[in-house]
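**Q**
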Amino acid sequence: MSRIIFGAILIIVGVVFPVEAQPTASNNLGEQIDQYLARLAAYGFSGTVLVAKDDQVLLHKGYGWADVQNRTPATTETIYDIASLTKQFTATAILKLESQGKLKVADSIAKYLPDVPADKRGITLHHLLTHTSGFQFECAGADKMTREQFVQCMLSSKLRAEPGKRYEYSNAGFGLLAAIIETVSKQSYEGYLQENLFKPAKLQSTCFQCENSARLAHAYDEAADHGLTQNTPLNWNKRGAWGLSTVANDFFKWEQALRQNVILSAAATKKLFTFHVPTDANGSGYGYGWALHKTARGTMVAQHDGITFEGFNALYQRYLDEGVTVIVLSNKMLARFLLIHTVAPAIEGLVFQKPYALPPTFIALKPEQLKKYDGVYQLPSGAKLIVKTENDALQIGAEGQEAINVLSSANATQGQAFAQYNELTFRLINEVQKHEYALAIKAFAQQATPDEAKQTMDAWLARLEKQHGVLKTIEVIGTAPEPEVARSFVRLGFERGVELRRLRWEGENLGGIAIALLPVLRTTFLPQSATEFTGFHLGLARPIPIQFVADNQTNTTGIQATLHGKTVLAKKVH
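For the sequence shown, our numbering begins at 295 and goes up steadily by one.
#1: So for His-420, helix, strand or coil by DSSP?
#2: Span of the alpha helix (DSSP H) holding Asp-752?
#3: Going by C-alpha to C-alpha distance, which of Ala-377, Pro-839, Gly-852 sits closest to Arg-868?
#4: How about Trp-799 and Thr-773: do their beta carbons lie closer than 9 Å?
#5: Mapping DSSP to helix, strand and coil, what is Ala-315?
#6: I'd like to check one pair, Gln-394 with Leu-566: are the Cβ atoms closer than 9 Å?
#7: Kindly confirm or deny that the segment 815-823 and the segment 326-342 touch, where touching means at least three C-beta pairs closer than 8 Å.
#8: Would you call the segment 827-844 in contact with the segment 647-655, where contact means no fewer than 3 C-beta pairs closer than 8 Å?
#9: What separation, rounded to the nearest whole angstrom, lies between the Cα atoms of Ala-319 and Asp-437?
#10: For Thr-719 versus Val-770, is the C-beta spacing smaller than 9 Å?
#11: Using beta-carbon positions only, say whether Cys-501 and Ile-373 come within less than 9 Å of one another.
#12: For the segment 776-788 against the segment 754-767, do three or more pairs of beta-carbon atoms, one drawn from each stretch, fall closer than 8 Å, so that the two count as touching?
#13: So what's Lys-355 in DSSP terms, helix, strand or just coil?
#14: By Cβ distance below 7 Å, which residues in the same chain neighbour Gly-605 in space, the five residues on each side in sequence not counted?
#15: Counting only C-beta atoms, is Glu-516 closer than 9 Å to chain E at any point?
#16: Would you check if the segment 524-539 and the segment 364-371 touch, i.e. whether three or more CB-CB distances between them fall below 8 Å?
#17: On the criterion of 16 or more Cβ atoms from any shown chain inside 10 Å, does Gly-676 qualify as buried, or is it exposed?
#18: Given this structure, state the Cα-to-Cα distance separating Thr-573 from Gly-356, to the nearest angstrom.
#19: With a threshold of 8 Å on Cβ separation, who are the neighbours of Val-670 within its own chain once the five nearest residues in sequence on each side are excluded?
#20: Identify whether Asn-849 lies in helix, strand or coil by the three-state DSSP scheme.
#21: Which whole-angstrom value is the C-beta distance of Phe-468 and Gly-534, which I expect to be below 8 Å?
#22: Enumerate in chain order the residues of its own chain whose CB-to-CB distance from Ala-629 is below 6 Å, with the five nearest sequence positions on each side excluded.
#23: For the alpha helix (DSSP H) containing Thr-707, list its first residue and its last residue.
#24: Measuring CB to CB, does Ser-427 end up less than 9 Å from Pro-457?
#25: Starting from Asp-544, trace the alpha helix (DSSP H) in both directions and tell me its first and last residue.
#26: DSSP state of Asn-607, grouped into three classes?
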């Protein structure tokens with residue numbers, strides 16, 4: 295199997311396709327950003343965005359829905375889970391304690407934690423703050439542990455690297471910082487942050503385990519509503535690393551507090567944004583709770599994101615040399631496509647006059663004009679485009695590889711790569727069904743021993759067969775691109791039912807297997823005319839033109855689309 299072809303997938307994932315923005319009717323930068331986001335919201339974006347230059351807010355507005363079912367709009371008061379953006383508050387709390395003379399970042403963790411073994415006495419608070427401690431990513435089962443149990447779990451764990459030698463992101467390392475904050479301050483982690491950070495910065499809507507209210511946004515992964523995460527209890531799996539929720543304006547208040555040295559002195563604040571360790575070979579680095587990189591203009595950006603499995607994704611960017619602040623809080627993701635990664639580059643393009651991905655313009659059609667297009671359209675290969683009217687737009691998804699290729703605008707080389715992943719997916723499951731494991735061992739080589747790979751796949755299939763009986767059929771639906779990975783969808787037919795699964799491939803390595811939803815690559819299409827529509831997938835961020843064809847004004851017969859530079863026809867079959 296060719297690694298060269300696998301690499302072709304990265305051509306269409308993990309990047310935003312820049313197009314020259316069309317001239318805007320407004321010369322006001324805030325209005326230009328608003329026009330872009332309003333158009334993006336029509337294609338499905340939801341969230342709250344704040345953009346500022348120095349102390350002047352250029353834009354602060356909500357878009358889309360905080361709660362789709364109850365039609366609650368996202369506003370400037372909507373509260374979002376910010377996940378790992380919690381870390382920069384934890385880092386600030388450590389520096390606050392240092393400024394109070396209660397600790398030093400150069401201190402060994404042994405000064406504050408009991409019974410530290412010899413191999414970990416060289417770990418300092420600086421190492422924890424910069425993800426260079428060597429600790430593992432997290433402690434399994436920490437959500438049910440006391441602080442003492444969590445600390446013991448980490449201290450008894452095997453280090454992944456010698457302290458100080460390598461950057462390796464660790465949620466649990468920031469959990470240990472939270473434990474140290476509690477030990478040194480003799481307060482709860484939450485209490486110390488509330489008294490020493492949130493209160494002086496006047497953050498009134500920043501909370502752990504927020505009270506239930508209509509202000510809490512629901513989290514969405516594609517069409518699935520995962521409800522609220524902002525009101526869940528804080529535990530030692532979260533504490534210090536994630537678990538905080540807030541509004542965009544509180545982040546801007548925090549921005550002003552950092553600039554005006556309300557919380558820390560200028561010297562202490564500088565430590566947060568100092569390039570302490572490199573994180574890659576491209577010149578990026580990490581401060582204390584902040585990632586750092588240079589722009590193409592040679593200026594420095596400090597930023598951090600926060601992502602939950604349920605759908606929240608947040609980004610806080612500080613253009614340190616240019617005085618620009620960008621805060622994007624979204625409650626929606628599309629599998630591994632994060633909306634912050636579409637919005638932030640576009641805002642940078644608008645602010646600094648760079649190319650960016652511009653959503654297509656559209657016209658309005660009446661619901662009855664849209665509903666006539668609902669149905670199933672079959673391509674020559676048998677793959678299907680599924681069309682459904684939702685909220686004054688068409689939602690089109692794919693079942694089958696040719697349909698996926700249409701919605702992802704895949705070229706011929708990328709189509710070959712997807713076909714190889716389809717073959718790989720079928721072979722893997724088919725071999726496991728026969729108790730053959732050569733491919734499973736290879737697929738798990740980077741994360742498991744051969745015996746662990748066998749046990750993992752055996753247990754996975756056994757759970758499904760216990761519920762549904764013997765596996766009878768394996769139907770690979772197709773492979774779709776996602777950032778830095780490919781995801782293959784498969785329909786498994788058992789004696790008593792059917793299960794859908796998606797396999798995440800990172801090259802030839804299997805990253806995981808999860809429950810799948812169909813259709814694939816659901817994309818919003820908006821009308822350009824009565825028969826012409828353009829889709830704009832919020833992750834791929836490129837226009838997809840189609841045209842409906844009919845034998846008269848009411849009887850739609852098909853969809854014309856483009857694939858590999860040629861026109862293809864999907865005939866309406868239902």
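All residues carry an ideal CB built from backbone N, CA and C; glycine is no exception.
**A** According to the structure shown:
#1: helix
#2: 744-762
#3: The sequence shown places His at residue 868, not Arg. That would be Gly-852, whose Cα lies nearest to the Cα of His-868.
#4: yes
#5: Low per-residue confidence applies at Ala-315: pLDDT is 40, beneath 50, and the placement is therefore not dependable, though the value from the model is reported in the following sentence. In the structure shown, Ala-315 sits in coil (DSSP, three-state: anything other than H, G, I, E or B).
#6: no
#7: yes
#8: At 8 Å Cβ cutoff, the stretches touch.
#9: Confidence is the limiting factor: at Ala-319 the pLDDT is only 41, short of 50, which leaves the residue's position unreliable and the question unanswerable from this model.
#10: Val-770 is positioned such that its CB atom lies closer than 9 Å to that of Thr-719.
#11: Taking 9 Å as the Cβ cut-off, Cys-501 and Ile-373 qualify as a contacting pair.
#12: yes
#13: strand
#14: Ala-513, Tyr-514, Asp-515, His-520, Asn-625, Lys-626, Met-627
#15: Looking for chain E here will not work: only one protein chain is present.
#16: Judged by pairs of C-beta atoms under 8 Å, the segment 364-371 does not touch the segment 524-539, as fewer than three such pairs exist.
#17: Counting Cβ neighbours within 10 Å, Gly-676 comes out exposed, since fewer than 16 surround it.
#18: So the two alpha carbons sit approximately 33 Å from each other.
#19: Lys-678, Leu-679, Ile-680, Val-681, Lys-866, Val-867, His-868
#20: coil
#21: 4 Å
#22: The residues are Glu-776.
#23: 706-727
#24: Contact: yes.
#25: 542-553 is the span of the alpha helix (DSSP H), which, as asked, contains Asp-544.
#26: In this structure, Asn-607 counts as strand in the three-state DSSP scheme.
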